[in-house]
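The numbers in this note's numbering rise by one with no breaks, and the one at position 555 of the sequence shown is 1201. Think of the CB as a built atom: it goes at the ideal place given N, C-alpha and C, for glycine as much as any other residue. As the structure is a prediction and not an experimental result, all values here were calculated from the model.
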Amino acid sequence: MARYNPEMKEEINRLIAENVNDIISILDKNLNLVYINDLQEDISGFSKSEIINRSPVEYLHPDDIKGALELLKITLKEGKAQGEFRIRKKDGSYIWVETNAKFLKSASEEYKYLLISRDITKRILARKKIKTSEQKYRHLFESASFSIILMNIDGLIIDANSAIEGLVGYKKEELIGKDFIKLPIIGPEFRSAIQRKYTALLNGNSLPLFEIQIRKKKGKLIWVSIDSSLIRLGNEKFIQTIARDVTKRKKAEKEILNSEKKLRRLFGAIPDIYFFVSEDTTILDYKGKKKDLYLLPADFLGRKLNKLLPEDLNIKVSNGIKRTLASRKPTLVEYSLPIGGEERYFEARILYFSKKRAAMFIREITQRKKAELLVSKEMKKLKQLDNVRKDLISRVSHELKTPIMSIRGAAELLLDFYSYKLDKESLELVEIMDKGGRRLEQLISNLLDISRIEFQKFELEKKKENLTEIVRSCSEEMIYFLKQRNLELKLNLVNMLDIDIDKLRIEQVITNLLSNAIKNTPPGGNINLTLKKTNNTSVLSISDTGVGLNKEEIDKLFTRFGKIERYETGLEFLDIQGSGLGLFISKEIVEMHEGTIEVKSEGRKKGSTFIVKLPI
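Printed below as a string of structure tokens:
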């Protein structure tokens, strides 16, 4: 047998220190580490060589240093002490430890501190979580508008919120410590029932809301609803009871019950068929002629709808009854039934009658349904005709495009290369043919755009463009027409405005609006074109000093074929040619760019302003 000696004792102590689940460390009188076990490296990440002969104060959270030094003072004075501190790990994070300190004094009179520290980070986090949860509960508890009573599992009141005084007349201090069931507010007739309910709750059963009558401190009787549940605060279970005053509702229900007879007499005077049904859809009563009934009274009275009606109709009507009883709002159900060898249509209007009853008024709508079916058929025919119209416009436009291009090409050829060979009369005829061809080509182009819009084939090819240059270019193209009508165009454009657009389509919009302004402005008038940037929007406005618009014309302006005809005296300068499609197509183009187009005018002879906004 091996002899026991000091070296063996030291080895045994070392083995114990290295195999426990706590950090064991020893400090000398200068508070430097002279020993620490291996576990600290697993927890802190520091090796022994990194921390031996250094003060552990260096690894404490700054807020905990004062407390740790105080703990060592107490240890020196009383021989032991305990505290909780945060120590820094090698990765910079902190953990919480619970430290038990003991004072050691050797024969050499040198004293040391033995520290046994345990990682309690999870415990601290759990404690904080519980504290936060309790604070939230306390806030809700105190701020609730309804009364809350907190009892232990023996039924003794341990707390109540301030709303309880308004409900029962007693201050919460008068209730705390009392047995809830034995309170003077609880009548003897309710006590045993409440006891049974709370026993069931404590046995793990859910407790549905129930109602009792209580007597307030000054003797007034009121009805309250009681909603109780088990809650856990920390490690303890409590019964939480929420109480609400339902006296007004109970009174209203009583009044409703008292008025049922009056309502029955009133319903009896109504010519429609009606049925009284319970909340489970049992038919309780009816009024109606036998020839209008789906079944004889002996076959349906006292029976549920699912035993009487086809399945799909039963589901519709039953759901309607549930909705009406829940919301107290009428529900409308339409259905059909074969009666007397004929499919007849009905409308059931379900009305709230009382808490557990509904009244169904049945009105036959067979004639109305037949009329609706006829209208539906005619609408279908009209839609088919409209599709034929759309298709015809598309086909005719495509068919006309080729010969018109030939006519225009021939007219341009004569004007460009052979005009010197033509006499005056022939030249005028060719010019008329060229102008007419241009107008017809524009009309066909507009009709094709309309067709693309209607068939949802109108697509954009967007890319980044300088809108300022596009506006300037479109304005220059209109110079001939401006001079022809003796009009002045003023431009006020932002230097450069890049925007994602379909260049050709936006040019089409700008040209259309400029052309519209030129046509409607008298000779000698002015047109102002402004382009600016506002926030993330480009704003293009075209103002003229022309004929102006009234409200009726503005409403019509952007509609398909919404051409405005004006034959008033003094408006002879107007160019009334056009199909009325340009502004409609312009609106579609702008809206496809997720923009807006609008017009403003103060009335006749006061000019107009068209405003186009496009997102940047």
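Range covered by the alpha helix (DSSP H) that runs through residue i
i            : result
residue 790  : Counting along the chain, residue 790 falls outside any alpha helix (DSSP H), and DSSP gives it neither H nor E.
residue 964  : 957 to 973
residue 685  : 685 to 690
residue 680  : Careful: residue 680 lies outside any alpha helix (DSSP H), inside the beta strand (DSSP E) at 679 to 682.
residue 810  : 809 to 814
residue 1103 : Premise fails: residue 1103 is in no alpha helix (DSSP H) and is neither H nor E.
residue 840  : 834 to 848
Three-state secondary structure assigned by DSSP to residue i
i            : result
residue 1140 : coil
residue 1252 : coil
residue 859  : strand
residue 1168 : coil
residue 705  : helix
residue 878  : strand
residue 1176 : strand
residue 1062 : helix
residue 891  : strand
residue 940  : coil
residue 1193 : coil
residue 1220 : Because the pLDDT of residue 1220 is 49, which lies under 50, any placement of that residue in the model is unreliable, and the question is left without a value.
residue 1152 : helix
residue 671  : strand
residue 1257 : strand
residue 827  : helix
residue 721  : helix
residue 904  : helix
residue 1262 : coil
residue 800  : coil
residue 1204 : coil
residue 1230 : helix
residue 748  : strand
residue 710  : helix
residue 1184 : strand
residue 866  : coil
residue 853  : coil
residue 739  : coil
residue 1069 : coil
residue 1135 : strand
Local Cβ density within 10 Å of residue i, reported as buried at 16 or more and exposed below that
i            : result
residue 978  : exposed
residue 1028 : exposed
residue 1107 : exposed
residue 1124 : buried
residue 1063 : exposed
residue 961  : exposed
residue 929  : buried
residue 690  : buried
residue 1246 : exposed
residue 1167 : buried
residue 1016 : exposed
residue 927  : buried
residue 1003 : buried
residue 1021 : exposed
residue 923  : buried
residue 903  : exposed
residue 727  : buried
Where the beta strand (DSSP E) through residue i begins and ends
i            : result
residue 1110 : 1109 to 1112
residue 765  : 757 to 765
residue 1242 : 1242 to 1246
residue 728  : 726 to 734
residue 1267 : There is no way to answer for residue 1267, as the model of the chain reaches only from 647 to 1262.
residue 822  : From DSSP, residue 822 is part of no beta strand (DSSP E); its letter is neither H nor E.
residue 1125 : First-last for residue 1125: 1125 to 1130, but that is the alpha helix (DSSP H), not the beta strand (DSSP E).
residue 697  : Not the beta strand (DSSP E): residue 697 falls in the alpha helix (DSSP H), residues 694 to 697.
residue 931  : 929 to 933
CB contact below 7 angstroms: residue i versus chain C
i           : result
residue 835 : Protein chain content of the structure displayed is limited to a single chain, and chain C is not contained in it.
- Which full runs of the beta strand (DSSP E) of 3+ residues lie inside the segment 977 to 1023, going along the chain? Within the segment 977 to 1023, the complete beta strand (DSSP E) segments at least 3 residues long are 977 to 985, 988 to 1000, 1003 to 1010, listed from N- to C-terminus.
- Message: Does the segment 1087 to 1095 come into contact with the segment 1225 to 1244, if we say contact requires no fewer than three beta-carbon pairs (one atom in each stretch) closer than 8 angstroms?
- Response: Enough Cβ pairs lie closer than 8 angstroms, so yes.
- Message: Check whether the segment 745 to 752 and the segment 690 to 708 are in contact - that is, three or more C-beta pairs closer than 8 angstroms.
- Response: Judged by Cβ distances under 8 angstroms, the segment 745 to 752 makes no contact with the segment 690 to 708, as fewer than three pairs qualify.
- Message: Check whether the segment 665 to 679 and the segment 696 to 703 are in contact - that is, three or more C-beta pairs closer than 8 angstroms.
- Response: Contact between the segment 665 to 679 and the segment 696 to 703 is present, because at least three Cβ pairs lie under 8 angstroms.
- Message: Can you confirm whether the segment 797 to 812 touches the segment 877 to 891 when touching is taken to mean that 3 or more C-beta pairs between the two stretches lie within less than 8 angstroms?
- Response: By the Cβ test, the segment 877 to 891 is in contact with the segment 797 to 812, since at least three Cβ pairs between them sit closer than 8 angstroms.
- Message: Using 8 angstroms as the cut-off, can you tell me whether the segment 1235 to 1254 makes contact with the segment 1118 to 1134, which would need three or more C-beta pairs spanning the two stretches below that distance?
- Response: Between the segment 1235 to 1254 and the segment 1118 to 1134 there are fewer than three C-beta pairs closer than 8 angstroms, too few to call the two in contact.
- Spell out a yes or no on whether the segment 1170 to 1179 and the segment 1194 to 1206 are touching, meaning 3 or more CB-CB pairs, one atom from each, closer than 8 angstroms. Output reads no: the segment 1194 to 1206 does not touch the segment 1170 to 1179.
- Task: Would you be able to state if there are at least three C-beta pairs under 8 angstroms between the segment 1177 to 1192 and the segment 1066 to 1085?
- Result: Counting C-beta pairs with one atom in each stretch, the segment 1066 to 1085 and the segment 1177 to 1192 have fewer than three that are closer than 8 angstroms, which means they do not touch.
- Cβ pair count under 8 angstroms reaching 3, the segment 1108 to 1128 against the segment 1137 to 1151: Yes, the segment 1108 to 1128 is in contact with the segment 1137 to 1151.
- Task: Taking 8 angstroms as the threshold, find out whether the segment 1228 to 1244 comes into contact with the segment 1151 to 1160 through three or more Cβ pairs.
- Result: Yes, they touch.
- Please determine if the segment 883 to 903 and the segment 989 to 1002 are in contact, where contact requires at least 3 C-beta pairs separated by less than 8 angstroms. A contact exists between the segment 883 to 903 and the segment 989 to 1002.
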